[in-house]
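Quick note on our numbering: the sequence shown kicks off at 1 and runs consecutively. The C-beta atom is built at its ideal place from N, Cα and C for all residues, glycine as well. Structure record follows, encoded as structure tokens.
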Amino acid sequence: MTDKEHILVVDDDNAFRVATRTLLEDERYRVSCVANGEAALDGLESESFDLVLSDMVMGKMSGITLLKELKLRKPEMPVIMVTGFASVETAVEAMRLGAADYLTKPSNNDELLIKIRKALDLGKKDRELRMLREELQTTYSFGNMISQSGAMKEVIRQIQRVADTDVTVLLQGESGTGKELAARALHFNSSRKERPFVAVSCSAIPETLLESELFGFEKGAFTGAARQRVGKFEEAHTGTLFLDEIGDIAPSVQTKLLRVLQEKSIERVGGSGLISVETRIVAATNRDLELMVRQGDFRGDLYYRLNVFPIKLPPLRERMEDIPLLAEHFLERYASLGDSCIKTIAPGVISDMMSHSWPGNVRELENLLKRAIIKTTGDTITSIELPGADPAHEDARDGATGPVPEMPYKEYLSAITRHAEERYLRRMLTQCKGNINQIARLMDVDRKTIYRKMAEYAIDPSAFRG
Numbered sequence: 001m002t003d004k005e006h007i008l009v010v011d012d013d014n015a016f017r018v019a020t021r022t023l024l025e026d027e028r029y030r031v032s033c034v035a036n037g038e039a040a041l042d043g044l045e046s047e048s049f050d051l052v053l054s055d056m057v058m059g060k061m062s063g064i065t066l067l068k069e070l071k072l073r074k075p076e077m078p079v080i081m082v083t084g085f086a087s088v089e090t091a092v093e094a095m096r097l098g099a100a101d102y103l104t105k106p107s108n109n110d111e112l113l114i115k116i117r118k119a120l121d122l123g124k125k126d127r128e129l130r131m132l133r134e135e136l137q138t139t140y141s142f143g144n145m146i147s148q149s150g151a152m153k154e155v156i157r158q159i160q161r162v163a164d165t166d167v168t169v170l171l172q173g174e175s176g177t178g179k180e181l182a183a184r185a186l187h188f189n190s191s192r193k194e195r196p197f198v199a200v201s202c203s204a205i206p207e208t209l210l211e212s213e214l215f216g217f218e219k220g221a222f223t224g225a226a227r228q229r230v231g232k233f234e235e236a237h238t239g240t241l242f243l244d245e246i247g248d249i250a251p252s253v254q255t256k257l258l259r260v261l262q263e264k265s266i267e268r269v270g271g272s273g274l275i276s277v278e279t280r281i282v283a284a285t286n287r288d289l290e291l292m293v294r295q296g297d298f299r300g301d302l303y304y305r306l307n308v309f310p311i312k313l314p315p316l317r318e319r320m321e322d323i324p325l326l327a328e329h330f331l332e333r334y335a336s337l338g339d340s341c342i343k344t345i346a347p348g349v350i351s352d353m354m355s356h357s358w359p360g361n362v363r364e365l366e367n368l369l370k371r372a373i374i375k376t377t378g379d380t381i382t383s384i385e386l387p388g389a390d391p392a393h394e395d396a397r398d399g400a401t402g403p404v405p406e407m408p409y410k411e412y413l414s415a416i417t418r419h420a421e422e423r424y425l426r427r428m429l430t431q432c433k434g435n436i437n438q439i440a441r442l443m444d445v446d447r448k449t450i451y452r453k454m455a456e457y458a459i460d461p462s463a464f465r466g
């Protein structure tokens, strides 16, 4: 128990105040005492309290009136009411108005201490939960979706439009593009933010277990079902259920999922009755569901139920201007992993990162930066282990090539981007031996863009043809 917990005792009976102060101070609480409600409210202006212990019957201001005022000013602070008159009606009224507990005089000391401890512990848990919710809302707010690219700004605009509706959202994008981050942003910026967010990775759960994981099961439904278990749909009731990698679910589960979306009710495995669920569905996939429908691998009716509001997250290679921002964000987030105080990333490293194709997207960038932070001994990251990096460009990592940062940030970023873009284009020309059609397919752009960029950087494609 800590002596920092501060209790305010409000009672017009001096003997009760003295006895209670002695009892609580012996238990190492910090105690303040006042004789009436007016003094208690004045005390709130200058001090903070963890709990108020108040008499029910006092002079001008009754305990009930004080309780109402305390809940208006400090709704999170627990209040225990005390009275010499054992009345069920007043107890019910006090609890209805937000009292944490209720006891009668003469009170048993052990009972009083138990109720105070219980109320303080519950108050602490409530504060921790509130702080966690605030942290989650901050973490998954739009402002923390790190981006300055037009493609991601459009994603954020779409999330803003659909967040406070109940329509089903389908998030599409390659692995590592941040689909779960987008799903959480949808939830924590909606009216459901105080309700559960439940995430299920459909690809991580064996087909034989996915049905019971989603819908739950009754005791005795199958061998090993020793007790009833609630499924993810019920856990997410009134909140949001995020179904990640929805394209990996088996046909049998697809059929049952379609029924849930149509009827808004589920049936536990081994059960015989329907259970209503009011759950907002956000699904995600890195697969082409439309193609899977045409090939007969995914139910068309389920696809159209899920694809009410599709949002496509761009791969990192299509938002290269975000790499410096993301790198700075991850450096700040994971700097403590290293032995030294890492403050910056060398310009050459940024340049190298911006010429990498990032098949693993933002997740790959995050993991490689973690590794670089751990391996760095100074205050600057001077190298990063990019898969397939060209050793001939090792000198770029110490800033020997590429733009130097003695310029305004926007000019520096533009110069870094151009430098990386030219290197990337030259690397593609080398890899494809000057075949423009092949380069356009690999880069997922049209041939005109390739020719325009080669002209911009004065690159002759014939020099790369073998």
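With 16 or more other Cβ atoms inside 10 Å of its own Cβ, serine 355 counts as buried. DSSP places tyrosine 457 outside both helix and strand once states are collapsed to three, so it counts as coil. The three-state reading of DSSP puts threonine 65 in helix, counting H, G and I together.
Counting the other Cβ atoms within 10 Å of the Cβ of isoleucine 114 gives fewer than 16, which makes it exposed. The secondary-structure analysis by DSSP pairs cysteine 33 across a beta bridge with Val9. With 16 or more other Cβ atoms from the protein chains shown falling within 10 Å of its own Cβ, threonine 285 counts as buried. The criterion of a C-beta distance shorter than 9 angstroms is not satisfied by leucine 171 and isoleucine 281.
Leaving aside the five residues that flank tyrosine 334 on each side, the residues in its chain whose CB is nearer than 6 angstroms to its CB run, in chain order, Lys370, Ile373.
In this structure, the straight-line span from the alpha carbon of glutamate 332 to that of glutamate 364 is close to 17 angstroms.
Judged by beta-carbon spacing, threonine 22 lies beyond the 9 angstroms limit of leucine 112, meaning their Cβ atoms are not closer than that value. By the neighbour-count criterion, in which a residue is buried when 16 or more other Cβ atoms sit within 10 angstroms of its Cβ, cysteine 341 is exposed.
Assigned with DSSP and collapsed to three states, alanine 283 falls in strand. Nearest to isoleucine 381 by C-alpha distance, out of Val277, Tyr304, Tyr102, Thr344, is Thr344. Rounded to whole angstroms, the gap between the alpha carbons of phenylalanine 215 and proline 106 is 52 angstroms.
Residue nearest to serine 46 within the set Ser32, Thr279, Asn36 is Ser32 (criterion: CA-CA distance). For leucine 313, the three-state secondary structure derived from DSSP is coil. 9 angstroms or more divides the Cβ of leucine 302 from the Cβ of leucine 243.
Bounds of the alpha helix (DSSP H) holding alanine 15 are 14-26. With fewer than 16 other beta carbons inside 10 angstroms of its own, valine 230 counts as exposed.
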